[in-house]
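Convert by adding 1420 to the 1-based position in the sequence shown; the result is the number in my numbering.
Yeah, the Cβ is synthetic: ideal placement off N, Cα and C, and Gly gets one too.
Okay, structure first, notes after.
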Amino acid sequence: MILIALLFWTLSVFFIIDNKLKIGNRPLKIIISFFFTLAVISIIFFAALLTKVNYTLLVIVCIALPALFLGYKWGQFKEFALGIDFKVSKTTIVVLVSILIYSLLFFATTSRWGNWDAWAIWTLHAKFLTYDAGYINLFTDATAWTHADYPLMLPSIIAIIWKSFGNSSPLVPVMASYIIGVAVPLTIYFAFKEKNNVVTGQVILILLTCSIIFIPYASSQLSDSLLGLFILFPFVLIYLMPKEKPLHCLFLIGFFAAASGWVKNEGLLFFAIFSFYYLVWNFRDLNNIKIYALGTILPLLVLFVFKFFYTPPNDLIDGQNSAILYKIMDIGRYLTIGRYFISTMLNEFGLLSALLVLIFFVDYKYYYSFSFIIILTLLVGYFFIYVVTPNDLEWHLSTSFSRLLHQVLPVFLFTAGVAISKRVDGGTYKHTSGIYT
């Protein structure tokens, strides 16, 4: 039943976006609509748990409301369905083959319940949320080891489906990870296709679907790929944002930026950094800032309730003591972190290192663009978290830094691709000047 609700809501959001956003690529709008819907439904589900709303009633309402809307829009729906014209072109074949290869590699590398963190954190949290009377036990001292302060978008999505199916099948987190993972390269590809930069889109699509730089992390069933996607969406929307009447794009940019904090704690850092630079970039346009802020309200509201009324303190914050000043003054920690950053970039993410060098020769202006400054500031933020971490430094680096790079990989490839393609095609899309170059 919940899958029907998800379908109806996705279609409803799609028709609204289809009318309001001046983006011609419908597959891209479907992806945006689907993940917007997932985020909203996860928030509604969590709110229903807190307010003890009957789940059956919730599902009925979640089906009825979009069904009424779709009934009202039946003529438009029929026109859309009849207007679908699937043509098999060379580019379509490239996309389909890439997805096929991605699928084979994904299911070859994933496992039942994923890796340790997937089992011990994300799917375990989902199991707590599946039971109306049991969810509150997630926030007790007995479960502190499972990081109860971690945001709940992915666990909520898994729990909703489990609750609807009546069992905790391991297939659900596997398929959730698969859909999230495949959405990342497709979002990038369709964004470039919208601007007729098909070659750039295809290159990045192939890199992400046919290499080990992305898939092992995507198939781990963690929430890092979902965060990477939500970090990516604001930059894609900025890239496609029209000069005239960009209000609906701005709303979605605000929503996805804030909703990244409902995916992982790192998303809160991204939201703070992105919002700061976005406000600086738009400080003369209060109307744009208002619409952006409007889009952030729902995610920030659920985060406020979650963080201030339910979760225990974050282990990185709660574990701080008087030694923090010593850590900040310890040059050896900086050198250790720096060496680990460089080593991981070269050995595990060599593509990023090569691309950083390539961009220097193709368009060095990318290094002081809006997009790269945000990515760089985010990495600097991660760096200083390692400086003051209460955990063993070597352990903390080895268990998390690769995942942090995985989070920024999609947005880096996308924004670097935009910068390179703009240089090659003569610098079109001037309304995005300063964002990518």
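query = Helix or strand or just coil, what does DSSP make of residue 1570?
reply = Residue 1570: coil per DSSP, three-state reduction.
request  = State buried or exposed for residue 1841, treating a residue as buried only when at least 16 other CB atoms are found within 10 Å of its CB.
outcome  = Residue environment for residue 1841: buried (at least 16 other C-beta atoms within 10 angstroms of its C-beta).
task = Kindly indicate which residue of 1746, 1831, 1830 has the alpha-carbon position closest to the one of residue 1810.
result = Its Cα nearest to that of residue 1810, the residue 1746 stands out among 1746, 1831, 1830.
inquiry  = Taking the beta carbon of residue 1595 as the centre, do at least 16 other beta carbons fall within 10 Å, making it buried, or is it exposed?
reply    = The C-beta of residue 1595 has fewer than 16 other C-beta atoms within 10 Å across all chains shown, which makes the residue exposed.
task = Report buried or exposed for residue 1777, applying the criterion of at least 16 other Cβ atoms within 10 angstroms of its Cβ.
result = Taking every protein chain shown into account, the CB of residue 1777 has fewer than 16 other CB atoms within 10 angstroms, so this residue is exposed.
message = Given a cut-off of 8 Å on the beta-carbon distance, is the pair residue 1568 and residue 1546 in contact?
response = No, the Cβ-Cβ distance between residue 1568 and residue 1546 is not below 8 Å.
ask   = Quick one: what does DSSP say residue 1810 is sitting in, helix, strand or coil?
value = Judged by DSSP in its simplified three-state form, residue 1810 adopts coil rather than helix or strand.
message = For a quick check, are the C-beta atoms of residue 1468 and residue 1722 less than 8 Å apart?
response = For residue 1468 and residue 1722, no; Cβs fall outside 8 Å.
query = Whose C-beta lies closer than 8 Å to the C-beta of residue 1521 among residues of the same chain, with five residues either side of it excluded?
reply = Excluding residues up to 5 positions away in sequence, 1629, 1630 lie with their Cβ nearer than 8 Å to the Cβ of residue 1521 in the same chain.
query = DSSP three-state call for residue 1533: helix, strand or coil?
reply = Coil at residue 1533, not helix or strand.
inquiry  = Check this for me: beta carbons of residue 1687 and residue 1653, under 8 Å apart or not?
reply    = It is not a contact, given that the beta carbons lie outside the stated cut-off.
key: Residues near residue 1531 in its chain [Cβ-Cβ closer than 7 Å; skip 5 each side]   = Cβ within range, chain order: n/a, list empty.
query = Taking just the CA atoms, how far does residue 1715 sit from residue 1702?
reply = Each residue's alpha carbon lies about 16 Å from the other.
key: Simplified DSSP state of residue 1732, which is helix, strand or coil   = The answer is coil: DSSP assigns residue 1732 none of H, G, I, E or B.
query = How would you label residue 1664, buried or exposed, when you count the other beta carbons within 10 angstroms and need 16 or more for buried?
reply = So residue 1664 ends up on the exposed side.
query = At a cut of 8 Å, does the segment 1608-1624 reach the segment 1582-1590 through at least three beta carbon pairs?
reply = The segment 1608-1624 makes no contact with the segment 1582-1590; the number of CB pairs closer than 8 Å stays below 3.
ask   = If we call anything under 8 Å between Cβ atoms a contact, is residue 1764 one with residue 1822?
value = Yes. Within cutoff.
task = Quick one: measure Cβ to Cβ for residue 1829 and residue 1772, integer angstroms, because I've assumed they're closer than 8 Å.
result = So it is a contact: roughly 7 Å between Cβ atoms.
key: the segment 1667-1674 touching the segment 1558-1567, judged by at least three CB pairs closer than 8 Å   = The count of Cβ pairs closer than 8 Å, one atom from the segment 1667-1674 and one from the segment 1558-1567, stays below three, leaving the stretches out of contact.
task = Might you give, ordered along the chain, the residues of its own chain that have their beta carbon closer than 8 Å to the beta carbon of residue 1744, omitting 5 neighbours on each side?
result = Once the five neighbours on either side are set aside, the close Cβ partners of residue 1744 are 1808.
task = Look at residue 1454 and residue 1430 and say whether their C-beta atoms are less than 8 Å apart.
result = Cβ atoms of residue 1454 and residue 1430: closer than 8 Å.
query = For residue 1707, which residues from the same chain have a beta carbon less than 6 Å from its beta carbon, with the 5 sequence-adjacent residues on both sides left out?
reply = Taken in chain order, the list of residues that qualify is empty.
key: 8 Å Cβ cutoff, residue 1637 in contact with chain C   = Of the chains in the structure shown, none is chain C; there is only one protein chain.
inquiry  = Given this structure, state the Cα-to-Cα distance separating residue 1794 from residue 1720, to the nearest angstrom.
reply    = Each residue's alpha carbon lies about 20 Å from the other.
query = Among 1732, 1831, 1806, 1759, which has the Cα closest to the Cα of residue 1790?
reply = Ranking the options by Cα distance to residue 1790, first place goes to 1831.
task = Taking all protein chains shown into account, decide if residue 1717 is buried (16 or more other Cβ within 10 angstroms of its Cβ) or exposed.
result = Looking at its Cβ environment, which holds fewer than 16 other Cβ atoms inside 10 Å, residue 1717 is exposed.
request  = For the alpha helix (DSSP H) containing residue 1605, list its first residue and its last residue.
outcome  = First-last of the alpha helix (DSSP H) with residue 1605: 1591-1614.
task = Starting from residue 1622, follow the alpha helix (DSSP H) in both directions and report where the run begins and ends.
result = For residue 1622, the enclosing alpha helix (DSSP H) begins and ends at 1618-1629.
message = In whole angstroms, give me the CA-to-CA distance for residue 1728 and residue 1601.
response = Going from the Cα of residue 1728 to the Cα of residue 1601 covers about 31 Å.
Residue interval of the alpha helix (DSSP H) (run including residue 1558) = No alpha helix (DSSP H) holds residue 1558; DSSP gives it neither H nor E.
task = Would you mind stating whether residue 1460 and residue 1609 have Cβ atoms separated by less than 8 Å?
result = Taking 8 Å as the Cβ cut-off, residue 1460 and residue 1609 do not qualify as a contacting pair.
Pair within 8 Å by beta-carbon distance, residue 1680 and residue 1538 = At the C-beta level, residue 1680 and residue 1538 stay beyond 8 Å of one another.
ask   = Which of the three DSSP states, helix, strand or coil, is assigned to residue 1851?
value = Because the pLDDT of residue 1851 is 46, which lies under 50, any placement of that residue in the model is unreliable, and the question is left without a value.
inquiry  = Quick check on this structure: which residue in 1442, 1699, 1637 has the alpha carbon closest to the alpha carbon of residue 1662?
reply    = Looking at the Cα atoms, 1442 is the closest of the given residues.
message = Can you list, in chain order, the residues of its chain with a C-beta nearer than 7 Å to that of residue 1564? Leave out the 5 residues immediately preceding and following it.
response = Contacts found: 1732.
inquiry  = I'd like to know whether the C-beta atoms of residue 1806 and residue 1799 end up nearer to each other than 8 Å.
reply    = Contact: no.
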